[in-house]
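Written out below as structure tokens is the structure these notes cover.
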Amino acid sequence: MTFERIRRASATVLALLVSLLAAAMPAAASPRVGDRPTVVLAILDGCPAHSLDALPPEAYLREAAAKGRFQRVRTVFPSSTAAGHAAILTGKWPEENGVTGKEFLREDGTLGAFSSPRLLEAPTIIEQAAGAGFRTAVISGKNGVRSLLGEGADLSVSPGLVPSWVLEKVGPPPDESTQYDDFCGWYESLDRWVIDVASAFVRDAGPGALVVLNLAGPDKVGHRFGPVPAPETTHCLVSAGKALEALAAVLEGVAGDDWAVVVTADHGMTPVSRAILPSEILESAGAGDCARSLDGGVLYVWPSATEQAAAIAALKNTEGVAEVMGPSDEARMRIHATHPRSAPVIAVAGEGYMFIESAALMDYTRGSHGALLESDVVVPLIAYGPRASGVDTTSARYTVDIAGILAELLGIEK
Ligand SMILES: [Zn+2]
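Residue numbers (the working numbering): 90 to 503.
The structure is reproduced here in structure tokens:
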């Protein structure tokens, strides 16, 4: 027997032993490994948990929360889109998954957006589900979310990338040139389109799928008109709920009693009325040229060593700035902002204020997020559908706990 044949024979015996051992293991409590459930994760972009309480009682999201499980969980810092989505889907904090905010400083000194999967330093539940044989889809109202998380999924869709299969089955997304004719209605129709594509995918995939949705409407409408109880944002969430109700009917038709929907948010939204202008502040501190990235409640600054102290002092002296962290500040540990991509200087806005490029933009802005305010970080976690009743979601405290819940719903190891 050659060495190679001995090696192959040993590998066969080992594989046999492993499968015998696996067969002898007691089956886990329902849901079980080996089932083919269909699980949908719907991320309401920019939806604080308290929004749900203020929806009309007949709103589907409230009904789903009452029938299924509902609790509040906390998202990561900064409470922004890329960091929020990456934390949910990897189950890791920003310092562990590498997605530390909206932008980071590249080696060449330019800013890069978190829109490539190569920036993710932890596997996603989407990849893990695919590895376990599930069909996977990432359907997003935002192009950046799709490009960060959708690569490798069986279906990857956003308004900027619509495969011909989607055009045939569902049709195109709403026409971008009409976006400002009826801003709220346009985003409601975009969210409906995202959910319609999900329904088409679920029908096509059959049992055994993980579908991840980004619903951009609550964020876009919330920035423009303010969070719930603003009537426009309330209407947007009621509309998204109606579409999710229709998706539940499709899930029931395809998966019988073996499906679940998890609804959460990447971050919340807080009413805002006052601007903080980083360009003016940094310029007055002699650090006007340093790289910076702002996202509503949070400002990242990359000053040179000589500019750093003056930049920190100027930001600390600014009205509306709640907190400023330097590179070795202990507060960074608390908020998981210790990754090298997190800027050396981080400023956080207080309630009612936001970092913005120009004061004129405040005329069109009534909601903001990114900071450490409760309304920015406390988001809903709803789980409903027959499969959800077999999984304990109540121990989840943070959005990083959601990937584990999804793994349990799918019956795979996280
Ligand atoms: Zn967002």
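C-beta atoms are modelled at their ideal positions from N, C-alpha and C, and glycine is treated no differently. On a predicted model such as this, the values are computed, not experimentally measured, just so you know.
The beta strand (DSSP E) spanning MET414 covers which residue range?
410-414
Start and end residues, beta strand (DSSP E) containing TRP348:
348-353
Compare the C-beta of SER484 against all C-beta atoms of chain B and say whether one is closer than 8 Å.
In the displayed structure, chain B is absent; only one protein chain is listed.
Closest Cα partner of PHE272 within the set LEU498, GLY311, PRO433
GLY311
For ALA477 and LEU366, the rounded distance between their alpha carbons:
46 Å
Is it buried or exposed for SER229, if we count other Cβ within 10 angstroms and need 16 for buried?
buried
Residues near ligand 1, criterion Cβ-heavy atom distance below 5 Å
ASP134, GLY135, THR170, ASP308, ASP355
Report the rounded CA-to-CA distance for ASP243 versus GLY459, giving the unit in angstroms.
31 Å
Exposure label - GLY220; buried when at least 16 CB within 10 Å
exposed
Nearest-angstrom Cα distance between GLU210 and LEU194?
16 Å
Starting from LEU212, follow its DSSP beta bridges and name the residues at the other end.
Sequence check: residue 212 is Pro here, not Leu. Bridge partners of PRO212: none, in fact.
Take the Cβ of LEU371 as the centre, count every other Cβ of all protein chains shown within 10 Å, and call the residue buried at 16 or more, exposed below.
buried
Would you be able to state if there are at least three C-beta pairs under 8 Å between the region 406-421 and the region 450-458?
no
Please state if the CB of LYS231 and the CB of ALA305 are separated by a distance shorter than 8 Å.
yes
Given a threshold of 16 other Cβ atoms within 10 Å of its Cβ, counted over all protein chains shown, does GLU502 qualify as buried or as exposed?
exposed
How long is the line joining the alpha carbons of SER245 and ALA380, rounded to whole angstroms?
32 Å
3-residue-minimum beta strand (DSSP E) runs that sit fully inside the region 328-384, ordered along the chain:
348-353, 359-365, 380-384
Per DSSP, what kind of secondary structure is GLU463 in: helix, strand or coil?
helix
What separation, rounded to the nearest whole angstrom, lies between the Cα atoms of LEU130 and LEU383?
28 Å
Compute the distance between the beta-carbons of GLU192 and ALA176, then report whether it is under 8 Å.
no
In whole angstroms, what separates the C-alpha of VAL434 from that of THR164?
21 Å
Any chance the region 278-292 sits against the region 249-263, with 3 or more Cβ pairs inside 8 Å?
yes
Using the Cβ count rule (16 or more neighbours within 10 Å means buried), how would you classify GLU147?
exposed
Enumerate in chain order the residues of its own chain whose CB-to-CB distance from ALA402 is below 8 Å, with the five nearest sequence positions on each side excluded.
ALA374
Could you check what DSSP says for MET268 in three-state terms: helix, strand or coil?
The sequence as given places Gln at residue 268; Met does not occur at that position. GLN268: coil per DSSP, three-state reduction.
Coil, strand or helix - ALA219 by DSSP:
helix
Which residues bound the beta strand (DSSP E) around ARG224?
224-229
Give me the Cβ distance between THR127 and VAL343, rounded to the nearest whole Å; I'm assuming they're in contact under 8 Å.
6 Å
For ASP197, the nearest candidate out of TRP391, PRO307, VAL300, THR488 (CA to CA):
TRP391
Would you kindly report the start and end of the unbroken alpha helix (DSSP H) that includes TYR149?
149-156
Going by other Cβ atoms of all chains shown within 10 Å of its Cβ, with 16 needed for buried, is THR199 buried or exposed?
exposed
From the DSSP output, in three-state form, read off ALA131 for me.
strand
Report the option in VAL437, GLU446, GLY274, PRO183 whose CA atom is closest to the CA atom of GLY377.
GLU446
Let's see if you can read the secondary structure: which residues bound the beta strand (DSSP E) around GLU303?
The identity of residue 303 in the sequence shown is Asn, whereas the question assumes Glu. 298-304 is the extent of the beta strand (DSSP E) around ASN303.
Along the chain, where does the alpha helix (DSSP H) containing ILE494 start, and where does it finish?
491-499
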